[in-house]
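Peer 1: One structure follows; several queries about it will come next.
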Amino acid sequence: MAHDYSVQELMAVVLARDLSDGEVLRVGVAMPVVEAAVRLAHLMHGPNMELIFFGVRMNVAHLHTVPLPAFAWDRRVVRWAESYSDTGHRFDRLKDWHNHVFFVGGVQVDPYGNTNLIGVGPEYRRLHFRGPGSVGTATLSTHVGRYYIVLNSHSRRIFVERCDYISAYGWGTGGADARRRLGLPGGGPRYCLTPLGVLDFAEESKRMRLHSLHPGVSREEVQAHTGFQLVMPEQIPTTVPPTVEELHVLRTRVDPQGVLRR
Amino acid sequence: MAHDYSVQELMAVVLARDLSDGEVLRVGVAMPVVEAAVRLAHLMHGPNMELIFFGVRMNVAHLHTVPLPAFAWDRRVVRWAESYSDTGHRFDRLKDWHNHVFFVGGVQVDPYGNTNLIGVGPEYRRLHFRGPGSVGTATLSTHVGRYYIVLNSHSRRIFVERCDYISAYGWGTGGADARRRLGLPGGGPRYCLTPLGVLDFAEESKRMRLHSLHPGVSREEVQAHTGFQLVMPEQIPTTVPPTVEELHVLRTRVDPQGVLRR
Amino acid sequence: MAEQERRQRIIDEVTAASWVTDGMTIAVGAPPPMALLRQLIRRGIKELTVIDSGLSLDLLIAAGCVRKVITYYAGGGFGVPVVPSFRRAAERGEIEVWECEEGILTAGLQAAAQLLPFLPWRGGVGTSLPEVNPDLKLFSDPIRGETLLAVPAIKPDIALLHAATADAYGNVQHYGGPGWLDLFLYRAADRTIVQVERVVANEDIRRDPWATTIAGADAIVRAPYGAHPFSSRGFYVQDTAHLREYLDAATAAVQSGHTEQLTHYLNYYCREPVTHGDYLERIGVKRLLTLYEY
Amino acid sequence: MAEQERRQRIIDEVTAASWVTDGMTIAVGAPPPMALLRQLIRRGIKELTVIDSGLSLDLLIAAGCVRKVITYYAGGGFGVPVVPSFRRAAERGEIEVWECEEGILTAGLQAAAQLLPFLPWRGGVGTSLPEVNPDLKLFSDPIRGETLLAVPAIKPDIALLHAATADAYGNVQHYGGPGWLDLFLYRAADRTIVQVERVVANEDIRRDPWATTIAGADAIVRAPYGAHPFSSRGFYVQDTAHLREYLDAATAAVQSGHTEQLTHYLNYYCREPVTHGDYLERIGVKRLLTLYEY
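Chains as they are written, first to last, in the working numbering: chain H, 1 to 262; chain C, 1001 to 1262; chain L, 2001 to 2294; chain Z, 3001 to 3294.
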């Protein structure tokens, strides 16, 4: 039934809808919602999308099922590859990345979509929490046409007034020209997706704004779990739930093992 | 007979003797003497040499014959390849080039081994003679452990007091520290080989010096064909002619078609 | 669900050549994609800036297509130290030369590919290159203060390449590695057209994804024998007699002003054949088959 | 004529590990060359600077080999956002972290490979990276005055890699492309040791020269199953149960101070086996054969 879906499935569907045919989708490690979303978009409306998992580039719109890979460094994800690039050579054609889309997580996110994977604590040499490191997010967030911040939880610990450290630059201290002033060619973060709702960035200030509320979530609940004041429009729509067809494709062709329902 | 050899054969033999086992030998376009010399050295005393022709890297010490390739961009030179690198990626490991040896020509050469492949004439936009261009010589001469200037003729037109343009830096305006002062890591030119003799560079001044005279050539003849004053030691040996064995290997295994005798 | 097909990228050589317009910067791979270059000559394209070397560069100059040349080498083979049309045009100032060198050109292309305004390079320090090409600037590096060349980004509008195979979606594979600078030209160029000896199935590409050298050409042109008179690895060797025919014609035009032979060459091989097939008919099947010999 | 043979470059894993001495900078490829890393642990190597990521990095830290880490990622898989030994050692200041990022690390390795003091990079401008890593300097480019990061050359003493095959002369080929940064580590490092699943004939290498990814490793170590418990493309998948065993042991040591499990792991799998063969005996043939399953 279409009413019976997990919040991860909802997030995957919402993300998939926002991806356009012809785009190149770069997926990093340990992001099952994103892995499902790009496959779903590819099968639903993106026959010319290219999916890149750790340098393995594929177009699999012709396949019936595209199940999730087991692990990043796994031969099994290579079976669909049309080309492969190692990490170093992945940056050989940054010029082309205005058509690329990327997805980033964060241990902290601030009101302007700057994200932190370095760690938490005032003193860098004695962090309270040492993060995993920037992966490729500094370069990717600089160059891709747009990117999405995708988070598994929504809390005041993550959404903070100021990141202790910034590993991927979003909109800096705000303003529509923040990135242009720094000479960053990419289009910056578009949405921040969480289990509570979808956030975007106000046109002028580029401050984070509540864009839609997942079914059953209130604006007060989102604000209460956010460590800074969100821009709150008068009307905030409810996130459109998955359609029957979206859920059907997701569950039968993308995620038959139900990873997103665990 | 060992007495019956061409000057190009002599040059190839002299050059081959100066190459050491274990070195990587980078050969450019249109240099038959060099092409023969590296093969001869490889077969005579260099089982660990690596020969690189336009990115095609080979070790063919185990072969009986290694005839000259027909043309630069020719599939036939690839048959012996152990690896291949296109032009762009050829510079991926310059750090390693202290063990590489290279060979350069020139339309002009000055007393300090600077060479010119750009052209002749005082005004760059209206050259009297437009040269072929620098190929890879600016980078190669900067980085290889040493290089050789190899010329098909010896004349005052080529050996000039000042090159109109410098495409490969030798010893600049002289001095053993000339290259170090510019931060150039490579060892610079070692010999200049011509049909008349072998020239080297004086230890302190790095000015060109007559090192040996090919059989039948006088020091006056060399100086008369050189457009600047050569450093002339008291004693100038005669270039040691090819041995019977050297000529035998050259003619039966390297140059069976007699390219160097035309 | 919308029924949609993945878009194919195969176009013919006439359409491909129409992507190039007067004044553009084109980058020519190795071996040169002659089917495409002959179409440019046929269409009378002018004022090009051309990144190329050797005889294909000379042909474009002889045909009047070129205003500016970015090259590191204009040797001709056959004992010809400098190709004739390039030499004369450069000496007369009819073309502008952006003087460079293999490593420097590579750095400039890589800078464009990585959206950097420049890349540093050491080769060329001490030479005349920054004097004759003022776009190359000596600078002091911000870490250790060493003197290096700053090579500005070199960005072609279109890269024109020749390769062994491609599928209909722009996945290109070479036999035995890509030519000279092909990958760097592709990375730096706004758009890339690759002519290939054979179009193959997507499954053939996926059999060895690591062999895919260009992952996403903008257009694929099917052009068997498309590099003729040059060689194409795994398919045919160069047509030496034909190259000499061109070289003799171009040399005669330059050295003694006898342009008839060159005009004939340009008309007969480049301007009159409407398609690549028409050109191959003029070469003849028997000649083409001799080029298979090892 | 002197009878001489081409020198072979095959050495065993014990000899190979002896190339590494306390305080060196080592670069670890992907998959990690575990046969070599276990030998380093066995020998009690200390004070290393390590370029690595993930669980193999964590193991080296847990074994006490590491003083400084150059890494862009220390995630663990299995839902573990940060590998445990790295996390604790970094939080306590027991190891120094040279904070970087994939593109920045690539640029630094490429600079070392090309004997350049630095390379410019745009990714990281606007972030905290140049604050937490003062070796990364913001500068104004000499051509257009844009603000970029200057990444200094990063030069490992030894790169330790795992690959599919090599011949006795150091020609290495991967199946399906080289791991993450392997080629850049090789280019930048003073010396490179590659352990391989199979040693093949020189003729096998020459069958497809373009597939030669590393043309001239300094030493080749024959190490079938040498990446275990990680996967090796074309040979075996990862041993998930074994990785979990390590991760549980390391987590227990860090979170509750129970070090017995970790000590056992290090002794049983890394310190006691004298050779790689001894290690494989402890894993057992039956377990190894299950890893072939697709």
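Glycine residues also receive a C-beta, built at the ideal position from the N, C-alpha and C atoms. Every value quoted in this text rests on a predicted model; they were computed, and no experiment measured them.
(1) Helix, strand or coil for residue 1001 of chain C? Go by DSSP, reduced to three states.
(2) Closest Cβ-Cβ distance between residue 1143 of chain C and chain L: below 9 Å?
(3) Take the Cβ of residue 1257 of chain C as the centre, count every other Cβ of all protein chains shown within 10 Å, and call the residue buried at 16 or more, exposed below.
(4) Taking a Cβ distance cut-off of 8 Å, strictly less, list which residues of the segment 3161-3184 of chain Z are near chain H, in chain order.
(5) In chain L, which residues lie with their C-beta within 9 Å of the C-beta of residue 1103 of chain C?
(6) Threshold first: 3 residues or longer. Then list the beta strand (DSSP E) segments lying entirely within the segment 3039-3074 of chain Z, N to C.
(7) If the cut is a Cβ gap below 7 Å, which residues of chain Z does residue 151 of chain H touch?
(8) Note down the Cα distance separating residue 71 of chain H from residue 109 of chain H, rounded to an integer number of angstroms.
(9) Give the residues from the segment 3190-3201 of chain Z that approach chain C closer than 9 Å (Cβ to any Cβ), ordered along the chain.
(10) Looking only at its own chain, which residues have a Cβ that is under 6 Å from the Cβ of residue 2252 of chain L, when we skip the five neighbours before and after it?
(11) Shorter than 9 Å from the beta carbon of residue 3153 of chain Z to some beta carbon of chain H?
(12) CB-CB under 7 Å to residue 2279 of chain L, same chain, minus the five flanking residues each way: which ones, in chain order?
(13) When the Cα of residue 100 of chain H is compared with those of H:81, H:116 and H:50, which residue comes out closest?
(14) Sort L:2190, L:2183 and L:2235 by Cα distance to residue 2196 of chain L and report the nearest one.
(15) Quick check on the DSSP output: what are the complete beta strand (DSSP E) runs of length 3 or more inside the segment 123-161 of chain H, in order along the chain?
(16) Identify whether residue 3219 of chain Z lies in helix, strand or coil by the three-state DSSP scheme.
(17) For residue 2081 of chain L, go through chain C and note every residue whose CB falls closer than 7 Å to its CB, in chain order.
(18) Taking the alpha helix (DSSP H) that residue 1245 of chain C belongs to, which residues open and close that run?
(19) So residue 1138 of chain C packs on residue 2103 of chain L, CB below 8 Å; how close in whole Å?
(20) Measure the beta-carbon distance from residue 1133 of chain C to residue 2073 of chain L and round it to whole angstroms, keeping in mind my assumption that it falls under 8 Å.
(21) Which whole-angstrom value describes the C-beta separation of residue 2075 of chain L and residue 1030 of chain C, a residue pair presumed to lie in contact below a C-beta threshold of 8 Å?
(22) Can you tell me whether residue 1122 of chain C is buried or exposed? The criterion is at least 16 other CB atoms within 10 Å of its CB, across all chains shown.
(23) Can you tell me whether residue 1245 of chain C is buried or exposed? The criterion is at least 16 other CB atoms within 10 Å of its CB, across all chains shown.
(24) At a Cβ threshold of 9 Å, is residue 2005 of chain L touching chain H?
(25) For residue 1212 of chain C versus residue 1240 of chain C, is the C-beta distance shorter than 9 Å?
(26) Assuming residue 2209 of chain L and residue 78 of chain H are in contact, meaning their beta carbons sit under 8 Å apart, how far apart are those beta carbons, in whole angstroms?
(27) Quick check on residue 2001 of chain L: does DSSP put it in helix, strand or coil?
(28) Thinking residue 3202 of chain Z and residue 3169 of chain Z are a contact (beta carbons under 8 Å), I'd like their distance in whole angstroms, please.
(29) I need the straight-line Cα distance from residue 3144 of chain Z to residue 1151 of chain C, nearest angstrom please.
(30) For my contact list, residue 2120 of chain L and residue 2149 of chain L are in at a C-beta cut-off of 8 Å; report their separation, rounded to the angstrom.
(31) Would residue 2107 of chain L count as contacting chain H if we go by Cβ distances under 9 Å?
(32) Determine the DSSP secondary structure at residue 59 of chain H, reduced to helix, strand or coil.
(33) What are the start and end residues of each continuous beta strand (DSSP E) run of 3 or more residues lying completely inside the segment 3185-3240 of chain Z, in chain order?
(34) With DSSP as the reference, identify every bridge partner of residue 108 of chain H, one or two as the case may be.
(35) Quick one: any contact between the segment 2051-2061 of chain L and the segment 2021-2028 of chain L, if contact means 3 or more CB pairs under 8 Å?
(36) By a C-beta neighbour count over all protein chains shown, 10 Å radius and 16 as the cutoff for buried, is residue 2286 of chain L buried or exposed?
Peer 2: According to the structure shown:
(1) For residue 1001 of chain C, the predicted model reports a pLDDT of 42, less than 50, meaning its position is unreliable and no value from the coordinates is stated.
(2) yes
(3) exposed
(4) 3176, 3177, 3178, 3179, 3180, 3181, 3182, 3183 and 3184
(5) In chain order: nothing, as chain L lies at least about 15 Å away.
(6) Taking 3 residues as the minimum length, the beta strand (DSSP E) runs contained wholly in the segment 3039-3074 of chain Z are 3048-3051 and 3066-3071, in order along the chain.
(7) For residue 151 of chain H, no chain Z residue has a C-beta closer than 7 Å to its own C-beta; the minimum C-beta separation is roughly 12 Å.
(8) With a pLDDT of 49 at residue 71 of chain H, under the threshold of 50, the modelled position of this residue cannot be trusted; read the value that follows with caution. Cα to Cα, residue 71 of chain H sits roughly 26 Å from residue 109 of chain H.
(9) 3190
(10) 2258 and 2261
(11) no
(12) Correct list, in chain order: 2038, 2269 and 2273.
(13) H:50
(14) L:2235
(15) You should have 146-150.
(16) strand
(17) Result: 1132.
(18) Per DSSP, residue 1245 of chain C belongs to the alpha helix (DSSP H) from 1244-1249.
(19) 7 Å
(20) In this structure, residue 1133 of chain C and residue 2073 of chain L form a Cβ contact; the two beta carbons are roughly 5 Å apart against a cut-off of 8 Å.
(21) 6 Å
(22) exposed
(23) exposed
(24) yes
(25) In this structure, residue 1212 of chain C places its C-beta atom within 9 Å of the C-beta atom of residue 1240 of chain C.
(26) 7 Å
(27) Annotation note: pLDDT 46 at residue 2001 of chain L (below 50); position unreliable, coordinate value reported separately. Here DSSP, grouped into helix, strand and coil, assigns residue 2001 of chain L to coil.
(28) About 6 Å separates the two Cβ atoms, so the contact holds.
(29) 42 Å
(30) 7 Å
(31) By this cut-off, residue 2107 of chain L is not an interface position.
(32) coil
(33) Runs found: 3191-3199, 3212-3215 and 3219-3222.
(34) The partner list for residue 108 of chain H (beta bridge, DSSP) reads H:116.
(35) yes
(36) exposed
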